[in-house]
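Participant: Sending over a structure as structure tokens; questions will come in a sec.
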Amino acid sequence: MPAPTWLSDAVLYQIYPQSFADSDGDGIGDLRGITAHLDYLAWLGVTAVWLNPCFASPMRDAGYDVADYLTVDPRYGDSDDVAELADQARTRGIRLLLDLVPGHTSDTHPWFVASANDPGDHRYIWADGGDQGRLPAGFVRSPGTRPGGYRPNFFDFQPALNFGYGRQQEDEPWRQSVTDEGPRANRAALRPIMDHWLGLGVSGFRVDMAYSLVKDDPGAAETARLWREVRGWLDRAHPDAALLSEWGEPAVAVPAGFHADFFLHFGGPDNGRPLRSLWWTGAADNPPEPGAEPCYFDAGGRGSASPFLTAYQDAVAAIGEPGHISLPTANHDFDRLRTGPRTPEQLPPAFAFQLTFPALPAIYYGDEIGMRYVPGLPDVEGSVMRSGYNRAGSRTPMQWDAGQNAGFSAAPAAALYLPIDPDPGHPTVAGQQADQKSLLSTVRDLIALRRAHPELGSAGSLEILNDGYPLAYLRGGRFLVIINPSDRARVLPHDRPDLAGATAVRHTGVDVDRASITAGPFSFGIFRL
Ligand code: NOJ
């Protein structure tokens with residue numbers, strides 16, 4: 000079945016629940032806080048929200064270490080709050096998606112605790128100690144009475160659930176087949192979990208590390224088989240629900256059963272280069288490697304749009320009709336759009352690109368007002384990655400207004416999940432709502448334009464006229480889009496009579512005449528032909 004129509008037209012918004020709105024004054028965001036701000040999201044025009052995990056967890060990886068898939072962590076509320084949020088959102092035309100973490104649990108999950116004490120249990124991947132009790136590379140010593148150790152999926156405290164291996168090997172007996180008992184039990188466990196939340200009014204899931212389930216799986220063949228099976232069930236049992244993968248390779252993930260896959264800063268044959276080449280600047284905590292190519296949305300205009308556009312076009316060709324590519328501004332793992340050297344004036348052309356491009360736009364909370372990546376924060380709930388990159392900079396509380404803690408929480412500042420951006424000039428929703436020229440007003444206007452004209456959405460055709468500076472493309476044969484992310488005016492000669500009479504729908508310093516297009520510094524233009 001093709002993707003549900005609501006998804007095809009969706010403008011997605013990602014909420015990191017810890018940091019959006021705190022309704023009970025404990026310094027951490029919660030579900031009721033989100034419900035209380037649904038009018039804002041409806042005003043902004045987004046049509047689907049995905050939440051990072053909100054399930055019971057020791058929170059050593061911000062909730063990606065699930066201890067109970069069917070219970071909401073008390074700091075966020077309870078199941079009734081999820082149902083209420085889904086319901087209230089739906090009345091405003093907004094769908095709610097949760098985050099499913101199928102590849103691993105917390106090491107405190109009862110399944111793992113049982114497994115660590117029962118050598119006959121294979122829900123996780125266990126290896127014996129071998130010679131002198133030495134564990135195979137990458138395995139972590141058992142915390143229970145069971146000898147040997149387990150294979151983690153991300154951090155050591157996130158044991159991989161056993162979905163089997165694509166290839167068996169005699170000298171590695173822990174490589175079970177996908178049809179063995181443990182892998183079958185884990186596969187079977189996915190449906191009741193999904194069923195439970197879908198039954199409460201949720202519209203689908205973002206699926207964490209969706210690619211990671213079957214280990215040593217050439218071509219992801221077995222992992223894809225597993226997801227296609229899940230998708231078959233979903234099509235029958237919940238045809239209106241959607242699955243969005245964290246895979247980073249839409250050409251593989253959509254044929255594997257997902258309705259959409261995020262283009263990410265990692266994954267794919269080119270290890271995330273397409274999205275990095277678009278707008279990754281590198282934070283102080285995560286500087287670009289020496290000699291790395293600047294991204295296309297580089298003020299100096301030294302980048303190229305073609306790695307992104309080529310990867311996009313290749314993925315579209317591989318996917319065909321049944322699914323989508325989602326283009327995020329950022330997420331909780333990566334730099335915000337406004338990171339490091341990027342200044343606020345660079346943001347409108349980036350949003351104009353995202354919101355007129357034939358992919359599902361996903362706005363990371365706060366990017367719509369230009370919240371910045373805050374460098375130098377402590378490690379909070381596993382925010383520091385092995386590489387040393389600190390994700391906390393992209394996870395600071397939403398800046399609502401000029402009140403206490405930027406309107407995020409009534410708790411004392413010291414009790415906040417993460418500090419508010421200390422920059423006294425930090426942007427806020429209230430400040431920008433009052434200003435017609437603000438980034439927020441621009442983003443809202445661009446969303447409205449996209450929603451009013453299907454040619455600008457995921458289904459309209461795309462014809463690239465220029466992939467240098469400025470970027471120029473046609474949407475649905477009816478709209479001309481010009482994007483200049485650089486700090487200099489750019490002139491693009493053209494010899495197309497159909498562009499000569501283009502009338503501006505929105506523009507910030509772009510002019511189209513008979514023979515050329517002139518785009519001022521950091522400008523965008525949307526023209527009707
Ligand atoms: C990807 C998630 O986005 C990230 O935040 C998390 O740490 C890992 N998966 C492990 O679940």
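In numbering that gives the first Met the number 0, the protein residues as written are 0 to 528.
Glycine residues also receive a C-beta, built at the ideal position from the N, C-alpha and C atoms.
These numbers were taken from a predicted model, which means no experiment stands behind them.
For His331, is the beta carbon positioned less than 7 Å from some heavy atom of the ligand NOJ?
Facilitator: In the sequence shown, residue 331 corresponds to position 332, counting from 1. Within the cutoff, so yes.
Participant: Report all residues from its chain with a CB closer than 7 Å to the CB of Gly459; omit the five preceding and five following residues, and keep chain order.
Facilitator: The residue given as residue 459 occupies position 460 in the sequence shown. The answer, listed in chain order, is Pro357, Pro453, Arg474 and Gly475.
Participant: Nearest to Pro16 by CA position, among Ser457, Val45, Tyr63 and Met0, is which residue?
Facilitator: Start at 1 with the first residue of the sequence shown, and residue 16 comes out as number 17. For Pro16, the nearest C-alpha among the options comes from Tyr63.
Participant: If you pair each beta-carbon of the stretch 245 to 260 with each one of the stretch 297 to 305, do three or more pairs fall below 8 Å?
Facilitator: Result no; under three Cβ-Cβ pairs closer than 8 Å.
Participant: Using a threshold of 7 Å, is the CB atom of Gln157 nearer than that to any non-hydrogen atom of the ligand NOJ?
Facilitator: For the purposes of this step, residue 157 is identified with residue 158 of the sequence shown, where counting begins at 1. Gln157 Cβ: within cutoff of the ligand NOJ.
Participant: Have a look at Leu95 and Asp77 and give me their C-alpha separation to the nearest angstrom.
Facilitator: The residue labelled residue 95 in the question sits at position 96 within the sequence shown. The residue labelled residue 77 in the question sits at position 78 within the sequence shown. Using only the alpha carbons, I get a separation of about 15 Å.
Participant: Contact defined as beta carbons within less than 8 Å: I believe Glu245 pairs with Val206. What is the distance between those atoms, to the nearest angstrom?
Facilitator: For this step, residue 245 is matched to residue 246 along the sequence shown. For this step, residue 206 is matched to residue 207 along the sequence shown. Right, their Cβ atoms sit about 6 Å apart.
Participant: How many angstroms separate the CA atom of Thr70 from the CA atom of Val201?
Facilitator: Here residue 70 refers to the residue found at position 71 of the sequence shown. Here residue 201 refers to the residue found at position 202 of the sequence shown. Their backbone Cα atoms lie some 14 Å apart in a straight line.
Participant: Since I believe Ser393 is in contact with Tyr372 (beta carbons under 8 Å), could you give me their beta-carbon distance rounded to a whole number of angstroms?
Facilitator: Numbered from 1 along the sequence shown, position 373 holds the residue referred to as residue 372. Numbered from 1 along the sequence shown, position 394 holds the residue referred to as residue 393. Indeed they touch by this definition, with Cβ atoms about 5 Å apart.
Participant: Specify whether the stretch 224 to 236 and the stretch 125 to 134 touch according to this definition: at least 3 beta carbon pairs, one from each stretch, less than 8 Å apart.
Facilitator: No, the stretch 224 to 236 is not in contact with the stretch 125 to 134.
Participant: Mapping DSSP to helix, strand and coil, what is Asn330?
Facilitator: As a working note, residue 330 is residue 331 in the sequence shown. Correct three-state label for Asn330: coil.
Participant: Take the Cβ of Asp98 as the centre, count every other Cβ of all protein chains shown within 10 Å, and call the residue buried at 16 or more, exposed below.
Facilitator: For this step, residue 98 is matched to residue 99 along the sequence shown. Result: buried.
Participant: CA-CA distance, Arg449 and Gly92?
Facilitator: Taking the sequence shown and counting its residues from 1, the one referred to as residue 449 is at position 450. Taking the sequence shown and counting its residues from 1, the one referred to as residue 92 is at position 93. Taking the straight line joining both Cα atoms gives about 16 Å.
Participant: Buried or exposed for Ser18, going by 16 or more other Cβ atoms inside 10 Å?
Facilitator: Along the sequence shown, one-based indexing puts residue 18 at 19. The residue in question, Ser18, is buried, as its Cβ has 16 or more Cβ neighbours within 10 Å.
Participant: Under 7 Å: does the beta carbon of Glu245 sit that close to some heavy atom of the ligand NOJ?
Facilitator: Along the sequence shown, read from residue 1 onward, the residue named residue 245 stands at position 246. Yes, the ligand NOJ has a heavy atom inside 7 Å of this Cβ.
Participant: Using DSSP with H/G/I as helix, E/B as strand and the rest coil, what is Arg140?
Facilitator: The residue given as residue 140 occupies position 141 in the sequence shown. Note: Arg140 maps to strand in three-state DSSP.
Participant: Looking at the unbroken beta strand (DSSP E) that takes in Phe204, where does it start and where does it end?
Facilitator: Counted from its first residue, the sequence shown places residue 204 at position 205. Element bounds for Phe204: Gly203 to Val206.
Participant: I'd like to know whether the C-beta atoms of Leu160 and Arg122 end up nearer to each other than 8 Å.
Facilitator: As a first step, residue 160 must be located in the sequence shown, where it is residue number 161. As a first step, residue 122 must be located in the sequence shown, where it is residue number 123. Yes; because the gap between Cβ atoms is below 8 Å, this pair is in contact.
Participant: So, at 6 Å on beta carbons, what are the nonlocal neighbours of Ala250 in its own chain, with the 5 sequence-adjacent residues on each side left out?
Facilitator: In the sequence shown, the residue the question calls residue 250 occupies position 251. For Ala250, where only same-chain residues beyond five positions count, the Cβ hits under 6 Å are Ala314 and Ala317.
Participant: Compute the distance between the beta-carbons of Ser211 and Gln157, then report whether it is under 8 Å.
Facilitator: Stepping through the sequence shown from its first residue, residue 211 is reached at position 212. Stepping through the sequence shown from its first residue, residue 157 is reached at position 158. No; because the gap between Cβ atoms is not below 8 Å, this pair is not in contact.
Participant: Looking at the ligand NOJ, does it come within less than 7 Å of Tyr63, judged from the CB to the closest heavy atom?
Facilitator: Taking the sequence shown and counting its residues from 1, the one referred to as residue 63 is at position 64. Yes; taking the cut-off as 7 Å, the Cβ of Tyr63 has a heavy atom of the ligand NOJ nearer than that.
Participant: At 4 residues or longer, what runs of the alpha helix (DSSP H) sit wholly inside the stretch 171 to 245?
Facilitator: You should have 180 to 198 and 220 to 236.
Participant: Pro21 to Ala88, Cα distance in whole Å?
Facilitator: Taking the first residue of the sequence shown as position 1, residue 21 is located at position 22. Taking the first residue of the sequence shown as position 1, residue 88 is located at position 89. A small correction: the amino acid at residue 21 is Asp; Pro does not occupy that position in the sequence shown. Their Cα atoms are separated by approximately 18 Å.
Participant: Give the single residue among Tyr416, Pro421 and Val442 whose Cα lies nearest to the Cα of Val428.
Facilitator: Along the sequence shown, one-based indexing puts residue 428 at 429. The shortest C-alpha separation from Val428 is found at Val442.
Participant: Need the endpoints of the beta strand (DSSP E) that Gln13 sits in, please.
Facilitator: Stepping through the sequence shown from its first residue, residue 13 is reached at position 14. That run of the beta strand (DSSP E) goes Leu11 to Ile14.
Participant: Tell me which same chain residues have a C-beta within less than 7 Å of the C-beta of Trp399, skipping the five on either side of it?
Facilitator: Taking the sequence shown and counting its residues from 1, one reaches residue 399 at position 400. If we look at Trp399 and ignore the five residues flanking it on each side, its Cβ neighbours are Ala405, Gly406, Phe407, Thr427, Val428 and Ala429.
Participant: Cβ of Phe153 versus every heavy atom of the ligand NOJ: is any distance shorter than 7 Å?
Facilitator: Looking up residue 153 in the sequence shown gives position 154. Flag set: Cβ of Phe153 near the ligand NOJ.
Participant: Alpha carbon to alpha carbon, what distance is there between Ala291 and Asn285?
Facilitator: Walking along the sequence shown from the start, residue 285 turns up at place 286. Walking along the sequence shown from the start, residue 291 turns up at place 292. Their Cα atoms are separated by approximately 13 Å.
Participant: I'd like to know whether the C-beta atoms of Leu530 and Asp466 end up nearer to each other than 8 Å.
Facilitator: Because residue 530 is not part of the residues shown, which for the chain are 0 to 528, the question remains open.
Participant: Whole angstroms is fine: what's the gap from Glu180's alpha carbon to Ala410's?
Facilitator: If you number the sequence shown from 1, residue 180 lands on position 181. If you number the sequence shown from 1, residue 410 lands on position 411. So the alpha carbons of these two residues sit roughly 48 Å apart.
Participant: Short check: CB of Leu346 to CB of Leu336, under 8 Å?
Facilitator: Within the sequence shown, numbered from 1, the residue matching residue 346 stands at position 347. Within the sequence shown, numbered from 1, the residue matching residue 336 stands at position 337. Yes. Within cutoff.
Participant: Tell me which residue opens and which closes the beta strand (DSSP E) that Ile525 is part of.
Facilitator: Start at 1 with the first residue of the sequence shown, and residue 525 comes out as number 526. Counting along the chain, the beta strand (DSSP E) containing Ile525 begins and ends at Ser522 to Arg527.
Participant: Which residue or residues does DSSP assign as beta-bridge partners of Gly148?
Facilitator: As a position in the sequence shown, residue 148 is number 149, starting the count at 1. Ala126 and Arg140, per the DSSP bridge assignment.
Participant: Tell me the rounded alpha-carbon separation between Trp110 and Ala55.
Facilitator: Within the sequence shown, numbered from 1, the residue matching residue 110 stands at position 111. Within the sequence shown, numbered from 1, the residue matching residue 55 stands at position 56. Cα to Cα, the separation comes out at about 14 Å.
Participant: Could you pull out every residue in the same chain whose Cβ sits closer than 6 Å to the Cβ of Pro287, ignoring the five residues on either side in sequence?
Facilitator: On the sequence shown, position 288 is the one that residue 287 refers to. Here the set comprises Gly281.
Participant: What first and last residue would you give for the beta strand (DSSP E) that runs through Leu96?
Facilitator: By 1-based counting over the sequence shown, the position of residue 96 is 97. Segment Arg94 to Leu99, the beta strand (DSSP E) holding Leu96.
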